[in-house]
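Okay, structure first, notes after.
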Amino acid sequence: MKAKMLFAVCAVLLLTAFTTRPVTTIFIIGDSTAAKKDLSKGSPERGWGMALQCYFDSTVIKVDNHAVNGRSSKSFIDEGRWKRVVESIKPGDYVIIQFGHNDEKPNADRHTDPGSTFDYNLARFVRETREKGGIPVLMNAVVRRNFAKAVPKGDDEALRNTTFKDAPRQTEGDSLIDTHGMYRVAPRDVAKRMNVHFVDANKITEQLEQGLGVEGSKKLHMWYRPGEHPALPKGRQDNTHYNIWGAHQVARLLADALCEEIPVLQRYRTDDKPCLMEGQK
25 MKAKMLFAVC AVLLLTAFTT RPVTTIFIIG DSTAAKKDLS KGSPERGWGM
75 ALQCYFDSTV IKVDNHAVNG RSSKSFIDEG RWKRVVESIK PGDYVIIQFG
125 HNDEKPNADR HTDPGSTFDY NLARFVRETR EKGGIPVLMN AVVRRNFAKA
175 VPKGDDEALR NTTFKDAPRQ TEGDSLIDTH GMYRVAPRDV AKRMNVHFVD
225 ANKITEQLEQ GLGVEGSKKL HMWYRPGEHP ALPKGRQDNT HYNIWGAHQV
275 ARLLADALCE EIPVLQRYRT DDKPCLMEGQ K
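Those letters in the sequence shown? Residues 25 to 305, by this note's numbering.
Here is the structure:
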């Protein structure tokens with residue numbers, strides 16, 4: 025009897041070992057365009073990283089989003105956020121690295137230069153990911169919705185206004201104008217030098233925004249007229265950050281691009297219908 029019970033236990037353990045699939049983590053490090061948002065007050069603002077899990081089988085792929093508002097490649101390291109991610113990486117995990125929006129800003133605690141300090145930080149993320157057995161994936165920054173004929177001076181604050189009342193009038197044309205310059209090129213250069221997976225998020229989102237046009241592209245972003253959304257009674261004009269629908273559109277496109285760049289992920293690509301319901305509101 026004991027022998028039979030032992031055999032049965034062993035059989036169950038073996039069956040479990042062969043049927044339980046290991047979970048691979050996709051870490052995301054970056055800025056507000058990908059970041060987790062405070063939803064406690066009902067804001068519709070979302071980072072694309074919040075939606076990415078919807079497009080991968082959660083029983084096999086876990087998305088762990090560490091992107092944070094306002095961070096650059098420099099401040100993400102200086103604040104100890106990268107150290108916490110590195111400590112969690114296990115062999116076979118992926119790390120999506122996407123910075124640029126805040127590296128461009130003049131603040132000393134955030135600013136880096138493409139071709140030097142920006143590239144150095146990206147290379148550090150790549151090197152230390154590989155040292156833990158992880159697989160780095162470099163992405164460049166997503167575009168800002170900038171159709172202005174006269175490009176506003178300063179950083180993206182000039183393209184983002186909290187209310188309609190204080191928003192400057194801008195004359196918009198038909199073509200999206202780049203605001204990132206060499207910051208969108210540096211990740212590609214580092215990827216080429218270090219033989220790293222690269223996803224051109226800038227090109228992907230440029231095509232999305234341009235395809236939707238001047239008015240249609242507003243639907244991706246935090247563009248709300250006064251009274252249009254209960255969480256934004258004064259309205260908002262924001263050409264940088266995504267709303268729920270926009271975050272899902274970008275996440276879906278980036279998921280497809282990841283699967284094209286890393287074909288092994290294609291088998292886990294999915295559309296989680298319960299998860300996607302939010303993106304259809």
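Each residue gets a CB set at the ideal place from its N, CA and C atoms; glycine is no exception.
Endpoints, the alpha helix (DSSP H) within which Lys216 is located: Residue mapping note: residue 216 aligns to position 192 of the sequence shown, counting from 1. Judged by DSSP secondary structure, Lys216 falls within the alpha helix (DSSP H) whose first and last residues are Ala210 to Met218.
Ignoring anything shorter than 4 residues, give me the alpha helix (DSSP H) runs that lie fully in the region 214-268, in order along the chain. Correct list: 225-240.
How about Val92 and Gln77: do their beta carbons lie closer than 8 Å? Here residue 92 is taken as the residue at index 68 of the sequence shown, counted from 1. Here residue 77 is taken as the residue at index 53 of the sequence shown, counted from 1. No; because the gap between Cβ atoms is not below 8 Å, this pair is not in contact.
Lys156 to Pro115, Cα distance in whole Å? Counting from one through the sequence shown, the residue named residue 156 turns up at place 132. Counting from one through the sequence shown, the residue named residue 115 turns up at place 91. Those two C-alpha atoms are separated by around 6 Å.
Look up Pro160 in the DSSP assignment and say whether it is helix, strand or coil. The sequence position of residue 160 within the sequence shown is 136, counting from 1. Looking at Pro160 - three-state DSSP - the assignment turns out to be strand.
Beta-carbon gap between His245 and Gly270 smaller than 8 Å: Taking the sequence shown and counting its residues from 1, the one referred to as residue 245 is at position 221. Taking the sequence shown and counting its residues from 1, the one referred to as residue 270 is at position 246. By the CB criterion at 8 Å, His245 and Gly270 fall inside the cutoff.
Element boundaries [alpha helix (DSSP H), containing Asp143]: Numbered from 1 along the sequence shown, position 119 holds the residue referred to as residue 143. Its alpha helix (DSSP H) spans residues Thr141 to Glu155.
Three-way DSSP call (helix, strand, coil) for Arg168 in this model: For the purposes of this step, residue 168 is identified with residue 144 of the sequence shown, where counting begins at 1. Collapsing the DSSP output to three states places Arg168 in coil.
Evaluate the contact criterion for the region 224-238 versus the region 163-171: three or more CB pairs, one atom per stretch, below 8 Å. yes
Is the region 92-101 in contact with the region 131-147, if contact means three or more CB pairs nearer than 8 Å? yes
Drop a sphere of 10 angstroms on the beta-carbon of Val288, count the other beta-carbons inside from all chains shown, and report buried for 16 or more, exposed for fewer. Here the question's residue 288 lines up with position 264 in the sequence shown. Label assigned to Val288: exposed.
Quick one: residues in its chain with C-beta nearer than 8 Å to the C-beta of Arg212, no 5 flanking neighbours on either side, listed in chain order? On the sequence shown, residue 212 is found 188 positions in, with the first residue counted as 1. These residues qualify, in order along the chain: Leu162, Asn164, Phe222 and Asp224.
Between the Cα of Ser199 and those of Val214, Val110, Gly237 and Glu111, spot the shortest distance and give me the residue it belongs to. Here residue 199 refers to the residue found at position 175 of the sequence shown. When C-alpha distances from Ser199 are compared across Val214, Val110, Gly237 and Glu111, the shortest belongs to Gly237.
Taking just the CA atoms, how far does Tyr79 sit from Arg276? In the sequence shown, residue 276 corresponds to position 252, counting from 1. In the sequence shown, residue 79 corresponds to position 55, counting from 1. Cα-Cα distance, rounded: 7 Å.
My output table needs one value for Phe123: the three-state DSSP class, helix, strand or coil. Your numbering for residue 123 matches position 99 in the sequence shown. Phe123 falls in the coil class under three-state DSSP.
For Lys98, which three-state DSSP category applies? Translated into the one-based positions of the sequence shown, residue 98 becomes position 74. Of the three classes helix, strand and coil, the one that applies to Lys98 here is helix, per DSSP.
Would DSSP call Phe80 helix, strand or coil? As a position in the sequence shown, residue 80 is number 56, starting the count at 1. Here Phe80 sits in strand by DSSP.
Quick one: what does DSSP say Glu285 is sitting in, helix, strand or coil? In the sequence shown, the residue the question calls residue 285 occupies position 261. It is helical.
Sub-8 Å separation of Asp117 and Thr294 beta-carbons: Residue mapping note: residue 117 aligns to position 93 of the sequence shown, counting from 1. Residue mapping note: residue 294 aligns to position 270 of the sequence shown, counting from 1. No. Outside cutoff.
What is the DSSP secondary structure of Asp55, counted as helix, strand or coil? Numbered from its first residue, the sequence shown carries residue 55 at position 31. Residue state, collapsed to three classes: coil.
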